[in-house]
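Visitor:
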Amino acid sequence: KSCQVHSALGNPETREDDINWDTVINLDHGDPIMYEPYWRKIGNRCDITLSGYQSLSYFANTKNLCWFLEPKLEEEIKRLHNVIGNVVMDDHYIVVGNGSSQLIQAALFALSPPNEPEPISVVSAAPFYSGYAEVADFVRSGLYKWAGDAHIFAKNGPYIELITSPNNPNGVIREPVVVNGSQGILIYDLAYYWPQYTAITSPANYDVMLFTVSKCTGHAGSRIGWALIRDKEVAKKMTKFIELNTIGVSKEAQLRAAKILEVICDSCLDSTLDNFFEHNQSVMSERWQRLRQVVKDSDQFFTLQKYSSQYCLFKGNFYESHPAFVWLMCKGNEDDLEKLLKGHNILTRSGKRFGSDSKCVRISMLSREEDFNIFLQRLMVIQQVITNKN
Ligand code: PMP
C-alpha cells in the first residue's frame, strides 16, 4: 500500500517539506495559481506596454453598444470561441465586466421585470455556486431575491434560473431543472466550459452566457469577464448597470486580457507553440488521477463524483471531465467534513454553502503544485487515522 501512496504523492521533496504540519493549505477559493508555470514558460510573449498618453478616455468604442469594450478584446473573444468551438455567437452582443461576478449582478438587474410588486425569484440547482445566493441577496434588491434550490422550486410565474455548466462545485454538465419551467429566464454561467476541464461536446447557443478569464486562462486578478447576450435591450441594460456601477472596465486589464487570449489562440493554431489547453488539460488529468488513486486506497471512506467520457470536438477524442473543484463526500460517521479537514490545516468550503450538506466539501484543484501534493499527503494520513480508529 505504501508504494501506491508514494506514486500518487509524486515529488518526494514535498513529502519532506510537509513534516511541518502547521502549514495551512487554503483550498477554499478557486484561486487559479495552477496556471502560473505555463505562463512562466511563455516568458515575455504576453507583455504589453502602455505609454502615459494612452487609454485616458472613458470610452473605448462609442459605436459599440457596450461603449467601454476595447475592440481588441472583442476581436480576441470572438477568435477564441471560434478556435475552441465552445459557443455559437453570430448574433450575440458582447458586454465586458469586472469579472463575471459583476456580470451576474448586471444580468440579474437586466433580466428582472422592472415593475412587479414582488421581486422575481432567483434559483439554481443544488449544489449551486455559493456566490449566487450571496450576490442575489446582498443589496436586498426590490427586483430579485434568492429562492434557493431549483429542484424544489414550485412557485408559479416567472423566475430566473442560473445554470452552471460544468457545475461549480461538482463539475457536472447541467441543464435547467425547474419542473413546469416554461416561464424561466435562463442565465448560463459557462465559466468552466473550456477543454482543460471538460469535453467540448457542442457549441453553446443560449440567450445569456457568461465567461471569465479567471477560469479560462487563470488571470483572476485581471478581473475580466464577458457576457454574450442575444437580446439588444438586455445587453443595453447590462451595459447601463456597469456604467452606473464602475463607469466601465479598466482598459489596462482589457488590453492585457486581449493579449493573453491572443496568445492562447495562437498556441492552438501554431504547432511549434505549447498548446495552452492541451498543456493544462494534462496537468488537470494528472492531478485527478493521483487524487483518485489516493481515494481508491482509502477503503471507501471518501467518495468522489464520477464523470463519463465524452467526445470533445476541440480535441477530436474522448475524455473524462477534470473539474476545477473536487466535490468530496465522506461515507463514514463524520458529520462535518470541513471541520475534519480544517483540523488537519486544509481549508475547504462546506457543502452547506452550496445548498447541500456538511458531509461534502468543495476543494480547489487549481492550487500550486506543492499545495496539491501536501493536500494528497494529508488526505492519506486522515484516512489512515480514521481507518485505525474504526
Ligand atoms: N461563476 C462561477 C461559476 C465561478 O466559479 C466564479 C468564480 N469562482 C465566478 C462566476 C466569478 O468569477 P470572476 O468574478 O472571477 O470572473
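The sequence shown lines up with residues 6 to 395 when you count with UniProt numbering. In this text, a Cβ means the ideal position worked out from N, Cα and C, and glycines have one as well.
1) Strictly by DSSP, which residues pair up with R354?
2) Taking 7 Å as the cut-off, is the beta-carbon of S219 closer than that to any non-hydrogen atom of ligand 1?
3) Near L148, which residues of its chain fall below 6 Å by C-beta distance, leaving aside the five closest residues on each side in sequence?
4) DSSP beta-bridge partners for Q201?
5) Here's a check: name, in chain order, each residue in its chain whose Cβ is nearer than 6 Å to the Cβ of L85, leaving out the five neighbours to either side.
6) The alpha helix (DSSP H) that contains S126, what's its start and end?
7) Could you check what DSSP says for T67 in three-state terms: helix, strand or coil?
8) Between Y134 and ligand 1, is the CB less than 7 Å from at least one heavy atom?
9) Which stretch, first to last residue, makes up the beta strand (DSSP E) that contains C51?
10) Return the residue from the list D340, I351, D376, F306 that minimises the CA-CA distance to V390.
11) For the alpha helix (DSSP H) holding M289, just list the boundary residues, first then last.
12) Suppose the cutoff is 6 Å on Cβ atoms and the five residues either side in sequence are ignored; what does the same chain contact list for I89 look like?
13) Hey, could you find the ends of the alpha helix (DSSP H) K347 is sitting in?
14) Measure the alpha-carbon distance for L309 versus P122 and round it to whole angstroms.
15) Within the region 83-124, note down every full beta strand (DSSP E) run reaching 3 residues or more, in order along the chain.
16) Kindly indicate which three-state DSSP category Q59 falls into: helix, strand or coil?
17) Between the alpha carbons of E21 and V218, how many angstroms are there, rounded?
18) Does ligand 1 have even one heavy atom less than 7 Å from the beta-carbon of D279?
19) Are L195 and A204 touching if we call contact CB-CB under 8 Å?
20) Which of the three DSSP states is assigned to I157 in this structure?
21) My assumption, with CB atoms under 8 Å, is that W332 sits in contact with N175. Please give the rounded CB distance.
22) Is S106 near ligand 1, going by C-beta to nearest heavy atom under 7 Å?
23) Pull up the CB-CB distance for P132 and G356, whole angstroms please, since I reckon it's below 8 Å.
Guide: On the basis of the coordinates in this document:
1) R367
2) yes
3) S117, P124
4) DSSP output for Q201 lists no bridge partner at all.
5) L266, C270
6) It is not in any alpha helix (DSSP H) - S126 instead sits in the beta strand (DSSP E) that spans 125-129.
7) coil
8) yes
9) For C51, no beta strand (DSSP E) run applies, since DSSP gives it neither H nor E.
10) Comparing Cα-Cα distances from V390 to each of D340, I351, D376, F306, the minimum goes to F306.
11) 281-301
12) F319
13) 342-347
14) 44 Å
15) 98-103
16) coil
17) Low local confidence applies: a pLDDT of 45 at E21 is under 50, so the model's placement there is unreliable, with the coordinate-based value given in what follows. Rounded to whole angstroms, E21 to V218 spans 35 Å at the Cα level.
18) no
19) no
20) helix
21) 4 Å
22) yes
23) 6 Å
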